[in-house]
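Right, one structure below, let's go through it.
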Amino acid sequence: MSVIAELFELLWVDYTAMTPQAERVSALLQARGERLINDHIALRTFAHDSVDIEVLDRVFVDAGYEPIESYEFKDKKLVACHYEHERPEMPKVFISALLLDECSPQLRDTAHNLLKQLPAGLQADWRFPCSGRPWSLEYASYQDLLAESQYAAWLAAFGFRANHFTVAVHEMKTVSSLAQLNDVLLAEGFVLNAQGGLIKGSPEVGLEQSSTMADDVEVEFADGRFSIPSCYYEFAFRHRLADGELYQGFVADSARHLFESTAGRGEAKSS
Ligand code: NI
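Counting from 2, one number per residue, gives the positions in the sequence shown under my numbering.
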């Protein structure tokens, strides 16, 4: 198995351990006769020299991935880049980073304290994007982060791993729209993120996406185990644009909404 195939396998195993519903959704769709294709995976990091997007992307770039398009989400204080591989069957990789300089001094201090704990050599290891949380964190710090940025809180609590995998619904055979897939999932009792409507994006912009609400999982903090929202499972339907080509980008509006859906089921949303 190639390094990149092995990394995707590790990322998936780790992701489904954090997000048991992803495995249940996969099993459901496979039982319907689908062969699931990943549209993209999403990774998160801090915009900081030690772990920046250009550090986290190395193993992907070494494996032939190329940066295609950059994004900025000003209200979320995020930048992002999406990568594609020349082999179209390889999932796109979407890496975002929190702009620490634009966050509060408290958040910045907390992040810097976490980054000081990075073990030597971590970033040079090909498994870095799937290395999990390399620092110790108190539950109170997690809650302080959560009050300012769900993104920062998730990253502090879960570290370096897939934030979500995304199924390519336009490649599926048993549904012909994202709305149909949503109906299948809702009928099976899965809870979808309804904030801003079940479907973010539109055929006109080339991309529609929906997602489940994140599972809650128990996470070990410095001062005990606490149950917090982990990851959601995402569904993307790409459309052909006027040029006849399947849109391959990430619509800023759609992606922005999806940064918000890591909030747990009963929990207040930040916006
Ligand atoms: Ni996504």
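Backbone N, C-alpha and C fix where the C-beta goes; we use that ideal spot for every residue, glycine too.
Residue i versus the options, residue with shortest Cα-Cα distance
i: S105; options: N114, L146, S212, P135; result: L146
i: A48; options: P68, S97, M214; result: S97
i: A243; options: G250, F251, R226, E205; result: E205
i: L115; options: A153, P130, T20; result: A153
i: V176; options: Q31, E24, V4; result: Q31
i: D184; options: E172, I200, Q196; result: I200
i: G160; options: Q151, T167, M173, P135; result: P135
i: G190; options: E209, T213, Y66; result: T213
i: V181; options: A158, P130, Q210; result: First, the residue type needs correcting, since residue 181 is Gln and not Val in the sequence shown. Nearest option by C-alpha distance: Q210.
i: R88; options: L108, L138, Y66; result: Y66
i: A223; options: Q196, S142, S150; result: S142
i: P68; options: A23, K93, F238; result: K93
i: D76; options: F95, E103, D63, V62; result: E103
i: L208; options: R45, Q249, E172, G34; result: Q249
i: L101; options: L247, G198, V52; result: V52
i: S137; options: C131, T111, F238, L29; result: T111
Endpoints, beta strand (DSSP E) assigned at residue i
i: S212; result: 208-212
i: G202; result: 201-203
i: E235; result: 235-239
Which of helix, strand or coil DSSP assigns to residue i
i: D244; result: coil
i: A28; result: helix
i: L193; result: strand
i: G267; result: At G267 the pLDDT is 35, less than 50, meaning the model places this residue with poor confidence and gives no usable figure here.
i: V252; result: coil
i: P130; result: helix
i: A223; result: coil
i: S272; result: Only weak support is given to the placement of S272: the predicted model assigns it a pLDDT of 27, under 50, and the value that follows is read from those uncertain coordinates. In the structure shown, S272 sits in coil (DSSP, three-state: anything other than H, G, I, E or B).
i: A125; result: helix
i: A43; result: strand
Residue i: first and last residue of the uninterrupted alpha helix (DSSP H) it sits in
i: F9; result: 4-19
* What residue ranges within the segment 46-110 form continuous alpha helix (DSSP H) runs of no fewer than 4 residues, ordered along the chain? -> 54-57, 59-63
* With a cut-off of 8 angstroms, do at least 3 Cβ pairs link the segment 31-40 to the segment 221-232? -> no
* Please go through the segment 138-190 and give each complete beta strand (DSSP E) segment of 3 or more residues, from N-terminal end onward. => 163-169
* To do: Pair every Cβ in the segment 83-100 with every Cβ in the segment 52-63, then say whether three or more of these pairs are closer than 8 angstroms.
  => yes
* Asked: So does the segment 69-82 actually touch the segment 8-28, counting three or more Cβ pairs closer than 8 angstroms?
  -> no
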